[in-house]
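Numbering (my numbering), first residue to last: 17 to 270.
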(Lines of atoms letter the chains of each structure in order from A and count residues from 1; the text may use other names and numbers.)
(Lines give C-alpha, C1' and ligand atoms only; values in the text may rest on other atoms or scores of the structure.)
Protein backbone atom coordinates (compact mmCIF):
# COMPACT_ATOMS: atom_id res chain seq x y z
CA UNK A 1 0.00 0.00 0.00
CA UNK A 2 0.91 3.63 -0.25
CA UNK A 3 0.43 5.85 2.78
CA UNK A 4 -1.77 8.75 1.72
CA UNK A 5 -3.33 9.91 5.02
CA UNK A 6 -2.34 10.32 8.65
CA UNK A 7 -4.95 7.74 9.65
CA UNK A 8 -3.35 5.15 7.35
CA UNK A 9 0.03 5.78 8.95
CA UNK A 10 -1.48 5.42 12.43
CA UNK A 11 -3.21 2.19 11.36
CA UNK A 12 0.05 0.73 10.07
CA UNK A 13 1.88 1.85 13.20
CA UNK A 14 -0.62 0.07 15.46
CA UNK A 15 -0.55 -3.17 13.44
CA UNK A 16 3.24 -3.03 13.36
CA UNK A 17 3.52 -2.43 17.08
CA UNK A 18 1.34 -5.50 17.68
CA UNK A 19 3.54 -7.86 15.66
CA UNK A 20 6.75 -6.27 16.95
CA UNK A 21 5.65 -6.62 20.57
CA UNK A 22 4.59 -10.25 20.01
CA UNK A 23 7.95 -11.11 18.41
CA UNK A 24 9.94 -9.44 21.19
CA UNK A 25 7.93 -11.16 23.93
CA UNK A 26 8.18 -14.55 22.22
CA UNK A 27 11.94 -14.17 21.93
CA UNK A 28 12.16 -13.38 25.66
CA UNK A 29 9.83 -16.27 26.55
CA UNK A 30 11.61 -18.98 24.53
CA UNK A 31 13.84 -21.34 26.51
CA UNK A 32 15.27 -24.88 26.38
CA UNK A 33 12.73 -27.60 27.19
CA UNK A 34 9.79 -25.68 25.76
CA UNK A 35 7.84 -26.96 22.76
CA UNK A 36 7.38 -24.76 19.71
CA UNK A 37 3.61 -25.17 20.21
CA UNK A 38 3.88 -23.63 23.69
CA UNK A 39 5.85 -20.74 22.24
CA UNK A 40 3.34 -20.29 19.41
CA UNK A 41 0.36 -20.34 21.79
CA UNK A 42 2.10 -17.68 23.90
CA UNK A 43 2.52 -15.47 20.81
CA UNK A 44 -1.01 -16.17 19.60
CA UNK A 45 -2.42 -15.07 22.95
CA UNK A 46 -0.50 -11.79 22.74
CA UNK A 47 -1.93 -11.09 19.28
CA UNK A 48 -5.41 -11.99 20.52
CA UNK A 49 -5.07 -9.68 23.54
CA UNK A 50 -4.13 -6.87 21.14
CA UNK A 51 -7.15 -7.70 18.91
CA UNK A 52 -4.78 -8.66 16.07
CA UNK A 53 -5.39 -11.69 13.84
CA UNK A 54 -2.62 -14.05 12.73
CA UNK A 55 -1.84 -13.30 9.09
CA UNK A 56 -0.67 -16.79 8.01
CA UNK A 57 -3.73 -18.35 9.66
CA UNK A 58 -6.15 -15.81 8.16
CA UNK A 59 -4.57 -15.79 4.70
CA UNK A 60 -3.46 -19.37 4.12
CA UNK A 61 -5.02 -21.45 6.89
CA UNK A 62 -1.54 -22.04 8.29
CA UNK A 63 -1.57 -24.54 11.19
CA UNK A 64 -0.23 -22.11 13.80
CA UNK A 65 -0.45 -18.48 14.86
CA UNK A 66 3.19 -17.76 13.96
CA UNK A 67 5.88 -19.50 11.91
CA UNK A 68 8.56 -21.10 14.08
CA UNK A 69 11.51 -22.74 12.32
CA UNK A 70 14.32 -24.57 14.13
CA UNK A 71 17.89 -25.36 13.02
CA UNK A 72 17.86 -26.66 9.43
CA UNK A 73 14.27 -25.51 8.89
CA UNK A 74 14.60 -22.22 7.00
CA UNK A 75 11.09 -20.76 7.25
CA UNK A 76 7.35 -21.49 7.57
CA UNK A 77 7.99 -24.06 10.32
CA UNK A 78 4.80 -25.46 11.87
CA UNK A 79 4.60 -25.13 15.68
CA UNK A 80 4.42 -28.59 17.26
CA UNK A 81 3.96 -30.12 20.71
CA UNK A 82 6.53 -32.71 19.65
CA UNK A 83 9.30 -30.20 18.82
CA UNK A 84 11.22 -29.42 21.99
CA UNK A 85 13.72 -26.58 21.99
CA UNK A 86 17.27 -27.38 23.10
CA UNK A 87 20.23 -25.31 24.28
CA UNK A 88 21.99 -23.76 21.30
CA UNK A 89 19.16 -24.26 18.78
CA UNK A 90 18.95 -21.72 15.95
CA UNK A 91 15.32 -20.59 15.93
CA UNK A 92 13.43 -18.23 13.64
CA UNK A 93 10.11 -16.67 14.56
CA UNK A 94 8.06 -14.84 11.94
CA UNK A 95 5.06 -12.89 13.24
CA UNK A 96 2.61 -11.22 10.89
CA UNK A 97 -0.91 -10.04 11.66
CA UNK A 98 -3.91 -7.95 10.67
CA UNK A 99 -5.32 -5.23 12.92
CA UNK A 100 -8.25 -3.00 11.90
CA UNK A 101 -7.66 -3.67 8.20
CA UNK A 102 -3.89 -3.10 8.30
CA UNK A 103 -1.29 -5.84 7.93
CA UNK A 104 2.29 -5.94 9.18
CA UNK A 105 5.11 -8.47 9.22
CA UNK A 106 8.37 -8.99 11.10
CA UNK A 107 10.73 -11.78 12.03
CA UNK A 108 14.06 -12.67 13.54
CA UNK A 109 16.49 -15.51 14.14
CA UNK A 110 18.21 -16.07 17.48
CA UNK A 111 19.85 -18.77 19.61
CA UNK A 112 18.04 -20.59 22.41
CA UNK A 113 20.14 -20.28 25.57
CA UNK A 114 23.92 -20.48 25.10
CA UNK A 115 25.42 -20.39 21.61
CA UNK A 116 26.99 -23.85 21.91
CA UNK A 117 26.60 -24.49 18.16
CA UNK A 118 28.23 -21.22 17.03
CA UNK A 119 25.25 -19.72 15.18
CA UNK A 120 25.66 -16.16 16.46
CA UNK A 121 28.03 -15.07 13.69
CA UNK A 122 25.40 -15.95 11.06
CA UNK A 123 22.71 -14.16 13.06
CA UNK A 124 24.79 -11.00 13.41
CA UNK A 125 25.51 -11.03 9.67
CA UNK A 126 21.79 -11.18 8.92
CA UNK A 127 21.03 -8.30 11.31
CA UNK A 128 23.81 -6.11 9.91
CA UNK A 129 22.81 -6.80 6.31
CA UNK A 130 19.17 -5.92 7.02
CA UNK A 131 20.28 -2.68 8.67
CA UNK A 132 22.45 -1.68 5.71
CA UNK A 133 19.80 -2.64 3.16
CA UNK A 134 17.00 -0.70 4.88
CA UNK A 135 19.13 2.40 5.29
CA UNK A 136 19.82 2.41 1.55
CA UNK A 137 16.11 2.42 0.67
CA UNK A 138 14.33 5.60 -0.40
CA UNK A 139 11.99 6.64 -3.16
CA UNK A 140 13.50 6.06 -6.61
CA UNK A 141 16.08 3.45 -5.58
CA UNK A 142 16.00 0.28 -7.65
CA UNK A 143 14.88 -2.82 -5.77
CA UNK A 144 17.62 -4.79 -7.53
CA UNK A 145 20.28 -2.41 -6.21
CA UNK A 146 19.23 -3.14 -2.62
CA UNK A 147 19.31 -6.86 -3.45
CA UNK A 148 22.85 -6.36 -4.73
CA UNK A 149 23.84 -4.81 -1.37
CA UNK A 150 22.43 -7.81 0.47
CA UNK A 151 24.22 -10.39 -1.64
CA UNK A 152 27.50 -8.47 -1.67
CA UNK A 153 27.46 -8.07 2.11
CA UNK A 154 26.66 -11.77 2.56
CA UNK A 155 29.54 -12.82 0.30
CA UNK A 156 31.94 -10.54 2.20
CA UNK A 157 31.14 -12.53 5.32
CA UNK A 158 31.42 -15.92 3.63
CA UNK A 159 27.68 -16.53 3.30
CA UNK A 160 25.13 -17.02 0.54
CA UNK A 161 21.58 -15.72 0.02
CA UNK A 162 18.41 -17.68 -0.68
CA UNK A 163 17.25 -16.63 -4.13
CA UNK A 164 13.63 -17.81 -4.06
CA UNK A 165 12.62 -16.16 -0.78
CA UNK A 166 11.93 -12.43 -0.92
CA UNK A 167 10.59 -9.41 0.88
CA UNK A 168 7.33 -7.89 -0.34
CA UNK A 169 4.87 -5.05 -0.29
CA UNK A 170 2.34 -5.11 2.56
CA UNK A 171 -0.40 -3.00 4.13
CA UNK A 172 -3.94 -3.87 3.07
CA UNK A 173 -3.06 -7.55 2.74
CA UNK A 174 -0.12 -9.74 3.72
CA UNK A 175 1.54 -9.79 0.29
CA UNK A 176 1.23 -6.89 -2.15
CA UNK A 177 3.27 -5.27 -4.90
CA UNK A 178 6.20 -5.08 -5.13
CA UNK A 179 6.06 -8.87 -4.80
CA UNK A 180 9.75 -9.73 -5.11
CA UNK A 181 12.26 -7.77 -3.05
CA UNK A 182 15.08 -10.25 -3.57
CA UNK A 183 18.35 -10.70 -1.65
CA UNK A 184 20.37 -10.49 -4.88
CA UNK A 185 20.62 -8.29 -7.95
CA UNK A 186 17.81 -9.46 -10.19
CA UNK A 187 18.76 -7.78 -13.46
CA UNK A 188 15.27 -8.36 -14.84
CA UNK A 189 13.61 -6.42 -12.03
CA UNK A 190 13.60 -2.77 -13.06
CA UNK A 191 11.12 -1.73 -10.35
CA UNK A 192 12.00 1.13 -8.04
CA UNK A 193 10.91 1.78 -4.47
CA UNK A 194 8.16 4.40 -4.34
CA UNK A 195 7.88 7.13 -1.75
CA UNK A 196 5.19 6.36 0.88
CA UNK A 197 5.08 2.67 -0.05
CA UNK A 198 4.89 0.12 2.78
CA UNK A 199 7.24 -2.84 2.33
CA UNK A 200 8.51 -5.76 4.38
CA UNK A 201 12.27 -6.05 3.95
CA UNK A 202 13.82 -9.37 4.97
CA UNK A 203 17.17 -11.09 4.80
CA UNK A 204 17.71 -14.77 3.97
CA UNK A 205 21.39 -15.38 4.79
CA UNK A 206 22.61 -18.95 4.40
CA UNK A 207 25.70 -21.03 5.17
CA UNK A 208 25.51 -23.39 2.17
CA UNK A 209 22.15 -23.31 0.34
CA UNK A 210 20.96 -20.89 -2.34
CA UNK A 211 17.38 -22.12 -2.75
CA UNK A 212 14.67 -23.16 -0.32
CA UNK A 213 12.59 -26.25 -0.96
CA UNK A 214 9.25 -27.21 0.59
CA UNK A 215 9.46 -30.07 3.06
CA UNK A 216 7.05 -33.02 3.01
CA UNK A 217 4.64 -31.32 5.44
CA UNK A 218 3.72 -28.87 2.67
CA UNK A 219 4.75 -25.77 4.63
CA UNK A 220 8.24 -25.92 6.12
CA UNK A 221 11.08 -24.89 3.84
CA UNK A 222 14.61 -26.28 4.01
CA UNK A 223 17.81 -25.55 2.08
CA UNK A 224 18.56 -27.28 -1.23
CA UNK A 225 22.09 -27.95 0.06
CA UNK A 226 21.33 -28.09 3.76
CA UNK A 227 23.10 -25.87 6.23
CA UNK A 228 21.54 -23.08 8.27
CA UNK A 229 19.82 -19.79 7.50
CA UNK A 230 19.16 -16.60 9.46
CA UNK A 231 16.29 -14.24 8.65
CA UNK A 232 15.48 -10.80 10.01
CA UNK A 233 12.61 -8.61 8.87
CA UNK A 234 11.15 -5.15 9.40
CA UNK A 235 8.08 -3.49 7.89
CA UNK A 236 8.96 0.04 6.77
CA UNK A 237 7.55 3.09 5.03
CA UNK A 238 9.69 4.36 2.15
CA UNK A 239 10.42 8.10 2.24
CA UNK A 240 12.65 10.57 0.38
CA UNK A 241 15.24 10.07 3.10
CA UNK A 242 15.53 7.81 6.14
CA UNK A 243 12.78 5.15 6.10
CA UNK A 244 10.20 4.87 8.88
CA UNK A 245 10.80 1.49 10.56
CA UNK A 246 7.33 0.57 11.76
CA UNK A 247 8.36 -2.61 13.60
CA UNK A 248 11.39 -1.12 15.34
CA UNK A 249 9.91 -2.06 18.73
CA UNK A 250 10.83 -5.73 18.12
CA UNK A 251 14.41 -4.92 19.13
CA UNK A 252 16.08 -7.29 16.65
CA UNK A 253 18.99 -4.83 16.32
CA UNK A 254 19.49 -4.58 20.08
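Yeah, the Cβ is synthetic: ideal placement off N, Cα and C, and Gly gets one too. A quick note: this is a predicted structure, and the numbers were derived from the prediction, not measured.
Endpoints, the beta strand (DSSP E) within which residue i is located
i           : result
residue 237 : 237–239
residue 164 : Taken as a continuous stretch (DSSP letters only), residue 164 belongs to no beta strand (DSSP E), being part of the alpha helix (DSSP H) at 159–172.
residue 264 : First-last for residue 264: undefined, no H or E at that position.
residue 255 : Per DSSP, residue 255 belongs to no beta strand (DSSP E) and is neither H nor E.
Burial state of residue i (16 or more Cβ within 10 Å)
i           : result
residue 48  : exposed
residue 122 : buried
residue 92  : buried
residue 70  : buried
residue 90  : buried
residue 206 : exposed
residue 114 : buried
residue 23  : exposed
residue 117 : exposed
residue 61  : exposed
residue 21  : exposed
residue 195 : exposed
residue 27  : buried
residue 77  : exposed
residue 59  : buried
Minimum C-alpha distance to residue i - residue among the options
i           : options            : result
residue 9   : 243, 218, 115, 232 : There is simply no residue 9 to check, as the chain begins at 17 and stops at 270 in what is shown.
residue 136 : 22, 245, 254, 265  : 245
residue 224 : 171, 164, 27, 140  : 171
residue 51  : 260, 203, 84, 153  : 84
residue 19  : 104, 165, 140, 254 : 254
residue 44  : 109, 179, 96, 248  : 109
residue 63  : 21, 161, 125, 112  : 112
residue 105 : 131, 94, 117       : 131
residue 13  : 158, 159, 157, 174 : Residue 13 lies beyond the residue range present for the chain, which begins at 17 and ends at 270; the question has no answer from this structure.
residue 235 : 23, 142, 66, 96    : 96
residue 65  : 212, 34, 78        : 34
residue 220 : 248, 233, 229      : 248
residue 155 : 184, 134, 38, 211  : 211
residue 57  : 75, 79, 36         : 79
residue 86  : 184, 72, 67, 53    : 53
Neighbourhood of residue i by C-beta distance below 7 angstroms, restricted to the same chain and skipping five residues each side
i           : result
residue 186 : 119, 120, 121, 192, 214, 215, 216, 251
residue 46  : 55, 101, 107, 128
residue 32  : 120, 251, 262, 263
residue 231 : 237, 238
residue 157 : 208, 209
residue 160 : 201, 202, 203, 205
Where the alpha helix (DSSP H) through residue i begins and ends
i          : result
residue 35 : 22–45
residue 62 : 52–65
Proximity test, residue i beta-carbon vs the ligand GTP heavy atom, cut-off 6 angstroms
i          : result
residue 39 : Inclusion of the ligand GTP in the displayed structure is not the case, the ligand content being empty and no account of it being possible.
Chain-order list of residues whose beta-carbon lies under 8 angstroms from that of residue i (same chain, five-residue window excluded)
i           : result
residue 150 : 217, 250, 252, 259, 261
residue 147 : 269
residue 200 : 163, 164, 166, 167, 177, 179
residue 276 : Examination of residue 276 is not possible in this model, given that the chain is present from 17 through 270 alone.
Close beta carbons around residue i, own chain, < 6 angstroms, minus the five adjacent residues each side
i           : result
residue 267 : 40
residue 188 : 17
residue 142 : 219, 221, 246, 248
residue 198 : 163, 182
- Task: For the segment 76–151, list the alpha helix (DSSP H) runs that are entirely contained and at least 4 residues long, ordered along the chain.
- Result: 136–150
- Message: Please give the ranges of any beta strand (DSSP E) in the segment 174–234, keeping only runs that are unbroken, at least 3 residues long and fully inside the region.
- Response: 183–185, 192–197, 214–218, 228–230
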